[in-house]
Every structure is written in structure tokens, then in C-alpha cells.
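Step one of this worksheet: look at the structure below.
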Amino acid sequence: MPYPHQKSVVRTLRQRGWWLACLLMAACLSGVLMGLREPVKSTDLDALNKAVVVGDSSFINLWTAPAESRLRSLPAPDRALIRYGRDLIANTANYLGPKGSVAHMSNGMNCQNCHLKAGTQPWGNNYAAVQATYPKFRERSGTVENQIKRVNDCFQRSLNGRPLDSSSREMQAILAYIKWLGTDLPPKQVPRGAGIFKLKGMNRPADSTRGLAVYTQKCQSCHQPGGEGVLALGGRSYTYPPLWGKHSYNQGAGLFRLSNLAGYVRYNMPLGATYEAPQLTDEEAWDVAAYINSRPRPAGDVSRDWPNLAGKPFDHPFGPYADPFSEQQHKYGPFGPIKEWKEAHK
Ligand code: HEC
Ligand code: HEC
Numbered sequence: 001m002p003y004p005h006q007k008s009v010v011r012t013l014r015q016r017g018w019w020l021a022c023l024l025m026a027a028c029l030s031g032v033l034m035g036l037r038e039p040v041k042s043t044d045l046d047a048l049n050k051a052v053v054v055g056d057s058s059f060i061n062l063w064t065a066p067a068e069s070r071l072r073s074l075p076a077p078d079r080a081l082i083r084y085g086r087d088l089i090a091n092t093a094n095y096l097g098p099k100g101s102v103a104h105m106s107n108g109m110n111c112q113n114c115h116l117k118a119g120t121q122p123w124g125n126n127y128a129a130v131q132a133t134y135p136k137f138r139e140r141s142g143t144v145e146n147q148i149k150r151v152n153d154c155f156q157r158s159l160n161g162r163p164l165d166s167s168s169r170e171m172q173a174i175l176a177y178i179k180w181l182g183t184d185l186p187p188k189q190v191p192r193g194a195g196i197f198k199l200k201g202m203n204r205p206a207d208s209t210r211g212l213a214v215y216t217q218k219c220q221s222c223h224q225p226g227g228e229g230v231l232a233l234g235g236r237s238y239t240y241p242p243l244w245g246k247h248s249y250n251q252g253a254g255l256f257r258l259s260n261l262a263g264y265v266r267y268n269m270p271l272g273a274t275y276e277a278p279q280l281t282d283e284e285a286w287d288v289a290a291y292i293n294s295r296p297r298p299a300g301d302v303s304r305d306w307p308n309l310a311g312k313p314f315d316h317p318f319g320p321y322a323d324p325f326s327e328q329q330h331k332y333g334p335f336g337p338i339k340e341w342k343e344a345h346k
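Note that the UniProt record's numbering numbers the sequence shown so that position 223 is 223, with each residue one more than the last.
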């Protein structure tokens with residue numbers, strides 16, 4: 001039952017509905033007219049842009065990993081395998097790095113260096129979509145890939161190492177952990193906030209000189225002026241991982257594509273930045289990515305990648321291409337014309 005005064009408010013609103021509507025329209029119209037007379041100031045635009053970012057559906061209701069407490073409902077051996085998988089992601093080098101306790105088969109980086117919080121951070125290159133979307137066809141190999149192949153891709157490229165035996169306890173543990181992260185997710189759907197954010201392109205090439213300035217100011221205190229990072233005490237893993245040089249990811253790795261690196265950096269770096277509290281602008285992210293990927297790094301074998309030329313992504317930095325754009329433009333942009341060309345020649 002509404003209170004009497006509420007009733008009267010409702011009635012008044014109904015009676016006055018038309019008047020209110022007219023008033024609103026008048027207000028809007030005068031707003032528009034004033035808008036026509038006075039150009040929007042850039043500060044207003046900044047405020048407007050901020051409002052748009054906050055309300056953007058790319059940043060709300062994002063995927064979260066299943067709660068730790070739910071692990072308890074699993075049989076002890078499953079629980080142990082999942083936990084081992086998570087530890088392998090977080091502390092890869094301790095087990096499988098140059099001084100690893102299980103094998104020496106990767107460059108000293110941890111999966112978690114790029115897949116933040118053991119692959120659970122929204123827009124932090126997480127594993128949210130893996131269980132739901134594999135096996136799947138991937139243009140890079142031109143084949144249908146299962147999770148084992150995809151995990152080993154990162155071992156061979158991002159960790160510049162060797163593949164893990166598919167029957168090893170380590171591979172089984174990583175798969176169990178990825179499956180656990182996919183708990184409750186419907187098949188074939190990519191959850192919100194999965195993987196790396198797709199950054200809007202610029203209408204100029206990304207500029208490594210400007211990137212160096214960003215790097216000097218905001219990155220080198222941890223990753224070092226020479227990009228080699230800082231080894232942890234004991235030298236088994238990194239406190240600050242390398243961004244280029246012989247211990248970094250190789251040229252076949254996902255981060256060697258500018259859009260992946262820029263998207264990752266935009267919402268995760270400097271350390272502590274998140275999609276909720278980013279510290280770089282889009283331009284800074286593109287430019288610093290250009291600087292990092294213009295530095296030397298291991299070559300890696302990319303000779304059999306992208307067997308279908310038309311399937312190469314717009315930012316794959318090695319020709320030949322199905323389109324007429326240069327390697328330079330494919331590496332640094334602007335990517336808009338390449339995307340348009342691909343769209344027109346589908
Ligand atoms: C140097 C950074 C880096 C490191 C280290 C790294 N990865 Fe990745 N990984 C990436 C990037 C970038 C992608 C996405 C590539 C793309 O979309 O083209 C990716 C993708 C993946 C995917 C597929 C995700 C999806 O949604 O399709 C899996 C699974 C994966 N990595 C597992 C691992 C494992 C396991 C390790 C450790 C052995 C590892 N990665 C280490 C950068 C890295
Ligand atoms: C306060 C220290 C710190 C600063 C400053 C910082 N990073 Fe990082 N960065 C890290 C750490 C630590 C990791 C690994 C995160 C983990 O393992 O959880 C990382 C990981 C990375 C990675 C993925 C792993 C790799 O080595 O390839 C990239 C790329 C990266 N940072 C780029 C940048 C860029 C670009 C900046 C500047 C805009 C920056 N970082 C500033 C500490 C820092």
C-alpha cells in the first residue's frame with residue numbers, strides 16, 4: 001500500500017505528465033541551440049570521454065575465477081593437481097627454467113609474467129576463454145589446435161624454450177588448472193574481460209622515439225634501461241622480467257604483435273595498473289610497445305606460421321602478405337588502412 005502522500009504524488013505526476021514532457025523538450029531544445037552557438041570545449045570533451053570509459057561495457061561485470069573455497073569440494077588428488085598447475089603458471093622458472101627443479105626447458109620467465117595473477121586478472125591476458133574455446137582452428141598454424149599445442153606454443157615462443165611432454169605430470173597439471181578456471185562457463189563463449197584488451201588503433205604509426213620517453217619515465221626503473229629485467233635472489237626467476245634481449249620472448253611470440261603488447265601494457269603496466277586504474281594513455285601504450293618491439297630479441301622459427309597469407313593478422317610484422325602494405329606498416333601501423341583493405345578483399 002502506498003502512503004497517502006505517495007498516492008498524491010503519483011496522481012500529480014500523471015496529471016502533469018504532459019507539462020513535464022513539454023518542459024523537458026524545451027530544456028533539451030535550448031540545450032541543443034546553446035550547443036550550436038558555443039563549440040564544445042576540449043575540457044568538456046575530456047570529461048565526456050572519461051564518462052564513456054567508465055560506463056563502457058568492456059569494463060563492467062567481467063569474468064572472475066572460481067573461488068578458492070570451491071576447490072575443497074574436489075577429491076584430494078584433483079585438488080593437488082590443480083594447485084600444482086597454478087604453481088607452475090605462477091613460478092614456472094622454479095620448475096622448468098634454466099635452474100629449474102624438474103627440467104631445464106625455458107628462458108627463466110614465468111607464465112604469470114604475462115598471464116597475470118596466474119591467468120585470472122581481467123584484461124590481464126587471463127585464461128578465461130581457454131577451456132570454453134579449445135580445440136579451435138588457429139590461423140597461425142593453419143590447424144585445429146588443442147590446449148596442449150597452445151600451452152606448448154607459449155613454451156616455445158614466449159618462454160623461448162622447448163615443448164612440454166603431453167603425458168608429463170606438469171602438462172596434466174596445467175590442463176587441470178585451466179579446466180578449473182573454466183568451471184561453470186558455457187562452451188564456445190568468450191567471457192567478458194578475457195585475454196588482452198583490443199586497443200583502438202591510432203591514425204599514425206606507433207613511434208618508438210616517443211616510446212623511449214615513456215619507457216624512461218615509467219618502465220625502466222623495474223625493467224632496466226637495457227630491458228634485461230632484474231633476477232631474483234638466487235637467480236632462478238625474475239623479480240622484474242626482461243622485455244627484450246636474449247632472455248625475453250622471441251619473434252614468434254604473441255607479444256611481438258604490437259596490438260597484443262600495447263593492449264597488455266595499457267591496462268596492466270606499470271606494475272599495479274589495472275583496467276580499473278590504468279596509468280597510460282592509448283598513445284603511450286602504442287608508442288612504448290613500438291619501442292620494446294623495436295629492440296633485439298631471439299628470432300624463433302616463424303617459417304611455418306600463417307600458411308594462409310590472407311589469414312595473417314594486420315599486425316604480423318613479417319611478409320609476404322596478401323595485401324600491398326609494407327612490413328614496416330604491418331609492424332607499427334597505422335593499421336586502419338590494412339584492416340579496411342582486408343575487409344574489402346574478404
Ligand atoms: C611473454 C609473455 C607470455 C608468457 C611468458 C606466456 N604467454 Fe601465454 N600468451 C601470451 C600472449 C600474448 C597470448 C595471446 C596471443 C594471441 O592472442 O595471439 C598468450 C596465449 C596463451 C594461451 C591461449 C589463450 C587463449 O585465450 O586462447 C594459453 C593457454 C597460454 N598462453 C598459456 C601459457 C603458458 C602455460 C605459459 C607458461 C608456460 C605462457 N602462456 C607464457 C603471452 C605469454
Ligand atoms: C614497479 C615495477 C614495474 C614497472 C614500473 C613496470 N613493470 Fe612491467 N612488469 C613488472 C613485473 C613484476 C612484471 C611481471 C608480473 C608478474 O609476474 O606478476 C612485469 C611484466 C611486464 C611485461 C610482461 C612480461 C615480459 O617481461 O615481457 C611487460 C610487457 C611489461 N611488464 C611492460 C612494462 C612497461 C611497458 C612498463 C612501463 C609502461 C612497465 N612494464 C613498468 C614490473 C614493472
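Beta carbons are placed, not taken as given, at the ideal position from N, Cα and C, and that holds for glycine.
Report yes if the C-beta of residue i is less than 8 Å from at least one heavy atom of ligand 2; otherwise report no.
{"i": "residue 209", "result": "no"}
{"i": "residue 229", "result": "yes"}
{"i": "residue 309", "result": "no"}
{"i": "residue 348", "result": "Outside the shown range of the chain (1 to 346) lies residue 348, about which nothing can therefore be said."}
{"i": "residue 272", "result": "yes"}
{"i": "residue 112", "result": "yes"}
{"i": "residue 126", "result": "no"}
{"i": "residue 109", "result": "yes"}
{"i": "residue 76", "result": "no"}
{"i": "residue 283", "result": "no"}
{"i": "residue 134", "result": "no"}
{"i": "residue 268", "result": "yes"}
{"i": "residue 223", "result": "yes"}
{"i": "residue 154", "result": "no"}
At the level of alpha carbons, what is the spacing between residue i and residue j?
{"i": "residue 215", "j": "residue 299", "result": "23 Å"}
{"i": "residue 52", "j": "residue 104", "result": "Note on residue 52: pLDDT 48, under 50, position unreliable in the model; the coordinate value appears next. Between residue 52 and residue 104, the C-alpha separation is close to 48 Å."}
{"i": "residue 213", "j": "residue 197", "result": "23 Å"}
{"i": "residue 86", "j": "residue 116", "result": "12 Å"}
{"i": "residue 154", "j": "residue 204", "result": "31 Å"}
{"i": "residue 239", "j": "residue 229", "result": "8 Å"}
{"i": "residue 60", "j": "residue 191", "result": "12 Å"}
{"i": "residue 225", "j": "residue 78", "result": "44 Å"}
{"i": "residue 294", "j": "residue 208", "result": "7 Å"}
{"i": "residue 100", "j": "residue 83", "result": "18 Å"}
{"i": "residue 98", "j": "residue 188", "result": "37 Å"}
{"i": "residue 175", "j": "residue 182", "result": "11 Å"}
{"i": "residue 271", "j": "residue 232", "result": "16 Å"}
{"i": "residue 283", "j": "residue 199", "result": "10 Å"}
{"i": "residue 206", "j": "residue 130", "result": "30 Å"}
{"i": "residue 302", "j": "residue 261", "result": "18 Å"}
{"i": "residue 268", "j": "residue 307", "result": "32 Å"}
{"i": "residue 2", "j": "residue 184", "result": "Residue confidence is low: residue 2 scores 43 on pLDDT, short of 50, so the model does not pin down where it sits. Its coordinate-derived value is still stated next. If I take the Cα positions, the gap works out to 42 Å."}
{"i": "residue 276", "j": "residue 122", "result": "10 Å"}
{"i": "residue 280", "j": "residue 325", "result": "29 Å"}
{"i": "residue 168", "j": "residue 102", "result": "11 Å"}
{"i": "residue 218", "j": "residue 297", "result": "21 Å"}
{"i": "residue 67", "j": "residue 80", "result": "16 Å"}
So what does DSSP say about residue i, is it helix, strand or coil?
{"i": "residue 52", "result": "No answer about residue 52 holds up, because its pLDDT of 48 lies below 50 and its placement is not dependable."}
{"i": "residue 133", "result": "helix"}
{"i": "residue 238", "result": "strand"}
{"i": "residue 231", "result": "strand"}
{"i": "residue 302", "result": "coil"}
{"i": "residue 83", "result": "helix"}
{"i": "residue 145", "result": "strand"}
{"i": "residue 138", "result": "strand"}
{"i": "residue 155", "result": "helix"}
{"i": "residue 177", "result": "helix"}
{"i": "residue 59", "result": "helix"}
{"i": "residue 327", "result": "helix"}
{"i": "residue 102", "result": "coil"}
{"i": "residue 319", "result": "coil"}
{"i": "residue 341", "result": "helix"}
{"i": "residue 202", "result": "coil"}
{"i": "residue 279", "result": "coil"}
{"i": "residue 192", "result": "coil"}
{"i": "residue 334", "result": "coil"}
So, under 8 Å CB-CB, residue i and residue j are touching, yes? Tell me the CB distance rounded to an integer number of Å.
{"i": "residue 110", "j": "residue 128", "result": "Not confirmed; about 19 Å, so no contact."}
{"i": "residue 265", "j": "residue 290", "result": "The Cβ separation is near 11 Å, so there is no contact."}
{"i": "residue 334", "j": "residue 171", "result": "So it is not a contact: roughly 41 Å between Cβ atoms."}
{"i": "residue 330", "j": "residue 108", "result": "So it is not a contact: roughly 30 Å between Cβ atoms."}
{"i": "residue 338", "j": "residue 314", "result": "4 Å"}
{"i": "residue 62", "j": "residue 158", "result": "Not really, about 23 Å apart at Cβ, beyond 8 Å."}
{"i": "residue 227", "j": "residue 244", "result": "4 Å"}
{"i": "residue 258", "j": "residue 177", "result": "Actually they are not in contact, since the Cβ atoms of residue 258 and residue 177 sit about 29 Å apart, beyond 8 Å."}
{"i": "residue 146", "j": "residue 163", "result": "Residue 146 to residue 163, Cβ: 13 Å. No contact."}
Any Cβ of chain B within less than 9 Å of the Cβ of residue i?
{"i": "residue 227", "result": "Checking the listed chains, one finds no chain B in this structure; it contains a single protein chain."}
Does the beta-carbon of residue i, which I'm using as the reference point, lie nearer than 8 Å to any heavy atom of ligand 1?
{"i": "residue 300", "result": "no"}
{"i": "residue 303", "result": "no"}
{"i": "residue 116", "result": "no"}
{"i": "residue 97", "result": "no"}
For a test of your reading of the model: does the CB of residue i fall under 8 Å from any non-hydrogen atom of ligand 3? Yes or no.
{"i": "residue 103", "result": "This structure lacks ligand 3; its bound ligands are ligand 1 and ligand 2."}
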